[in-house]
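Engineer: Supplied in structure tokens, the structure appears directly below.
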Amino acid sequence: MEPTGTATGGAGPGGAGGGGGGQGGAGTGGEGAGGNGAGGGGGSVPPCHTEVFAVTSLPNTSEQRPLAIATDDAAVYWVNEGFDVELPRIRRFDRMTGAVSTLAETFPKKPAATIVLDDLHVYWADSEQTPSCSGTPVPERDRVMRVLKDGTTIAAQIWTGCGRAENLALDDPQLYWTRPTSHQLRRSNKSGGSSQIFHDDPTDAAEPFSVAVDGASVYWSDVNEIMNAGSIMVYDKANQSVTTFSAAPLDASVLKEIWLAVDDSAVYWSTAQGLYRKLKSAPPDEPPTQLAPAMGVRGIALDEHAVYFTDSLEGTVSRVCKDGSALQIIELGQQEPRGIAVDATGVYWVSRGTGAIMHAQVLP
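Written out as structure tokens, the structure reads:
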């Protein structure tokens with residue numbers, strides 16, 4: 001198990017994408033970045049086979065509705081939605097000591113299902129449902145935030161506005177995020193300052209949801225709930241042009257989220273009809289390859305050989321080789337598994353229903 005990217009809600013060139021350094025894990029909650037792969041109608045991937053896992057929960061973790069997860073060499077990080085008297089928080093598990101600490105509290109705002117890392121910071125988005133964005137002046141109720149990984153500083157605001165930031169991707173030094181209700185993708189320097197509307201066109205961004213980046217492109221999933229249609233869009237950095245990478249048929253009555261991840265050669269995404277993969281070099285009209293049937297995917301992570309995903313409807317955490325072979329369930333009976341990340345030490349995910357932070361380690 002050799003991770004090649006970073007974790008989101010997750011972000012590196014996947015996990016939700018991103019180029020920040022120092023990450024050990026790749027995934028979403030977030031997107032993930034894996035190694036060389038192939039999608040669509042051709043290509044090859046490294047040898048892959050089923051693995052045997054030992055599954056445990058991380059000690060000292062009994063959380064309130066965790067949503068997204070990311071890892072590095074020193075720690076595991078996640079966002080808690082909070083419930084009842086438990087406040088929404090950004091949390092950290094220290095691998096060496098086993099200590100669990102709170103890096104930031106976000107109340108009264110609740111974090112979205114996204115978290116990304118660079119060498120020094122943890123990034124997330126949070127929001128409130130009220131007041132309405134139609135007020136005058138428009139309230140600055142929704143935010144993109146960051147805090148030092150050791151929690152020694154107060155959380156700093158990168159952006160604020162009205163219209164929830166849903167998913168983050170880091171392309172060092174730029175931070176990207178989607179705003180579904182505003183039909184926008186935005187970006188700013190990861191340290192803050194002025195932000196830009198990176199893309200704003202309801203025609204091809206009805207509801208942008210998940211975002212991932214690599215050296216050449218920015219990818220995002222687009223959901224049109226009214227038309228019950230989805231697509232994967234791509235922005236070419238060199239040509240500064242937006243095109244449709246692939247159709248992504250969905251069933252919004254079951255799940256309207258389309259999670260997205262990229263590796264060096266392919267793009268991976270999920271809809272209520274399954275988990276898919278397509279070569280970056282494939283033409284737009286070439287259909288993707290379905291890797292696995294799945295209806296309730298709420299997170300994707302990649303390593304060199306395989307795709308890992310959670311299914312909240314089935315309560316499963318699964319793994320499939322990048323060529324679609326060796327589909328296996330890592331763990332059954334999970335209550336609302338959500339964000340997932342993978343690194344050299346194993347697979348990590350959150351169980352929103354039980355509050356557990358889970359770890360699956362590959363056995364020899």
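In the UniProt record's numbering, the protein residues as written are 1 to 364.
Using N, Cα and C, we set each Cβ at its ideal position, and we do this for glycine too.
Only a predicted model underlies this, so the values are computations on that prediction, with no experimental measurement involved.
(1) With distances taken from CA atoms, which of Ile340, Ala74, Ala248, Leu120 is nearest Phe209?
(2) Which full runs of the beta strand (DSSP E) of 3+ residues lie inside the segment 66 to 129, going along the chain?
(3) Quick check on the DSSP output: the beta strand (DSSP E) that includes Glu331 runs from which residue to which?
(4) How many Å lie between Val342 and Ala360 at the Cα?
(5) If you check the beta carbons only, do Arg91 and Thr106 fall under 7 Å apart?
(6) Any chance you could list the alpha helix (DSSP H) runs of at least 4 consecutive residues sitting entirely within the segment 135 to 219, in chain order?
(7) Among residues of its own chain, excluding the 5 on either side of Thr181, which ones have a beta-carbon nearer than 6 Å to its beta-carbon?
(8) Which residue comes first and which comes last in the beta strand (DSSP E) that contains Trp349?
(9) Alpha carbon to alpha carbon, what distance is there between Ala238 and Val211?
(10) Buried or exposed: where does residue 376 fall if 16 or more other Cβ atoms within 10 Å of its Cβ makes it buried?
(11) Provide the residue span of the beta strand (DSSP E) that contains Ile258, from first to last.
(12) Does DSSP put Pro337 in a helix, in a strand, or in coil?
(13) Which of the three DSSP states is assigned to Leu363 in this structure?
(14) What is the DSSP secondary structure of Ser132, reduced to helix, strand or coil?
(15) How many angstroms separate the CA atom of Val320 from the CA atom of Val79?
(16) Per DSSP, Ala306 forms a beta bridge with which residues?
(17) Can you name the residues that DSSP bridges to Leu279?
(18) Would you call the segment 91 to 100 and the segment 110 to 118 in contact, with 3 or more CB pairs under 8 Å?
(19) From Ser195 to Thr136, what does the alpha carbon distance come to, in whole angstroms?
(20) In the DSSP assignment, what are the bridge partners of residue 408?
(21) Specify, as a first and last residue, the run of the beta strand (DSSP E) that Ala54 falls within.
(22) Please state whether DSSP places Asp251 in a helix, a strand or coil.
(23) I need the DSSP call for Met295, collapsed to helix, strand or coil.
(24) Assign Thr354 to one of three DSSP states: helix, strand, or coil.
(25) Checking the sheet assignment: what are the DSSP bridge partners for Ala301?
(26) Please state the DSSP three-state secondary structure of Ser246.
Structural biologist: Let me spell this out:
(1) Here the question's residue 209 lines up with position 209 in the sequence shown. Phe209 has its Cα closest to that of Ala248, out of Ile340, Ala74, Ala248, Leu120.
(2) Counting whole runs of 3 or more residues, the segment 66 to 129 contains the beta strand (DSSP E) stretches 66 to 71, 75 to 80, 89 to 94, 100 to 105, 110 to 117, 121 to 127.
(3) Here residue 331 refers to the residue found at position 331 of the sequence shown. From DSSP, the beta strand (DSSP E) with Glu331 extends over 328 to 331.
(4) Residue mapping note: residue 342 aligns to position 342 of the sequence shown, counting from 1. Residue mapping note: residue 360 aligns to position 360 of the sequence shown, counting from 1. Counting only the Cα atoms, Ala360 lies some 9 Å from Val342.
(5) Within the sequence shown, residue 91 is the residue found at index 91, counting from 1. Within the sequence shown, residue 106 is the residue found at index 106, counting from 1. 7 Å or more divides the Cβ of Arg91 from the Cβ of Thr106.
(6) none
(7) By one-based count along the sequence shown, residue 181 stands at place 181. So the list reads Gly163, once near-sequence residues are dropped.
(8) Here the question's residue 349 lines up with position 349 in the sequence shown. Note, Trp349: beta strand (DSSP E), 346 to 351.
(9) On the sequence shown, position 211 is the one that residue 211 refers to. On the sequence shown, position 238 is the one that residue 238 refers to. If you take the alpha carbons of Val211 and Ala238, they lie about 18 Å apart.
(10) In the structure displayed, the chain extends from 1 to 364; residue 376 sits before or after that span and is not available.
(11) Counted from its first residue, the sequence shown places residue 258 at position 258. For Ile258, there is no enclosing beta strand (DSSP E), since its DSSP letter is neither H nor E.
(12) Taking the first residue of the sequence shown as 1, we reach residue 337 at position 337. In this structure, Pro337 counts as strand in the three-state DSSP scheme.
(13) If you number the sequence shown from 1, residue 363 lands on position 363. Coil.
(14) As a working note, residue 132 is residue 132 in the sequence shown. Coil, per DSSP.
(15) Taking the first residue of the sequence shown as position 1, residue 320 is located at position 320. Taking the first residue of the sequence shown as position 1, residue 79 is located at position 79. Cα-Cα distance, rounded: 26 Å.
(16) Sequence index remark: in the sequence shown, residue 306 carries index 306 (1-based). DSSP lists Cys321 as partners of Ala306.
(17) The residue labelled residue 279 in the question sits at position 279 within the sequence shown. Paired residues: Ala266.
(18) no
(19) Mapped onto the sequence shown, residue 195 falls at position 195. Mapped onto the sequence shown, residue 136 falls at position 136. Distance between the alpha carbons of Ser195 and Thr136: 21 Å.
(20) No answer is possible for residue 408: the residues shown for the chain start at 1 and end at 364.
(21) Looking up residue 54 in the sequence shown gives position 54. Residues 53 to 57.
(22) Within the sequence shown, the letter at position 251 stands for residue 251. The answer is coil: DSSP assigns Asp251 none of H, G, I, E or B.
(23) In the sequence shown, counting from the first residue as 1, residue 295 sits at position 295. Coil, per DSSP.
(24) What you label residue 354 is simply residue 354 of the sequence shown in a count that begins at 1. The answer is coil: DSSP assigns Thr354 none of H, G, I, E or B.
(25) As a working mapping, residue 301 is identified with position 301 in the sequence shown. Checking the DSSP bridge columns, you'll see Ala301 partnered with Tyr308.
(26) Reading the sequence shown from its first residue, position 246 is the one you call residue 246. If DSSP states are grouped into helix, strand and coil, Ser246 belongs with the strands.
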